[in-house]
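Engineer:
In the working numbering, the protein residues as written are 412 to 508.
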């Protein structure tokens, strides 16, 4: 759901708000000096690094549990775990390229 909002420019970041209304600075509120874009929040901003790390680790762990309980081949479990860990990393498919 978040990616749907992200791709349709409906998440209200400071940068989006600046483009729409011009009533705030477009820079990150946490002092990064970078445009406060969705990409910055979900991939780059150091303030959220611990949250991204925790979320990706948790997603990989939960995916492994679910797939192992479903008798999915180990190679597929490893692939899905790798994908889950990469959810908050930069790449050409972010978000859902």
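Note that beta-carbon positions come from the ideal geometry of N, C-alpha and C, so glycine has one too.
Kindly indicate which three-state DSSP category residue 438 falls into: helix, strand or coil?
Structural biologist: Correct three-state label for residue 438: strand.
Engineer: Work out the CA separation of residue 499 and residue 492 for me, nearest whole Å.
Structural biologist: Distance between the alpha carbons of residue 492 and residue 499 is about 13 Å.
Engineer: Using only the alpha-carbon positions, how far apart do residue 425 and residue 480 sit?
Structural biologist: If I take the Cα positions, the gap works out to 42 Å.
Engineer: What is the rounded straight-line gap between the Cα of residue 496 and the Cα of residue 467?
Structural biologist: So the alpha carbons of these two residues sit roughly 5 Å apart.
Engineer: Quick test of the definition: if touching needs 3 or more C-beta pairs under 8 Å, does the stretch 422-439 touch the stretch 469-487?
Structural biologist: No contact exists between the stretch 422-439 and the stretch 469-487.
Engineer: Tell me, which residues are paired with residue 446 by DSSP?
Structural biologist: Beta-bridge pairing links residue 446 to 438.
Engineer: Which same chain residues end up closer than 7 Å to residue 475 when comparing Cβ atoms and leaving out the 5 residues on each side of it in sequence?
Structural biologist: Same-chain partners within the cutoff: 488, 492.
Engineer: Using only alpha-carbon positions, find the residue among 458, 419, 465 that is nearest to residue 443.
Structural biologist: Selected option, being the one with the closest Cα: 458.
Engineer: Residue 419 lies in the alpha helix (DSSP H); which residues open and close that run?
Structural biologist: Run containing residue 419: none; DSSP gives neither H nor E here.
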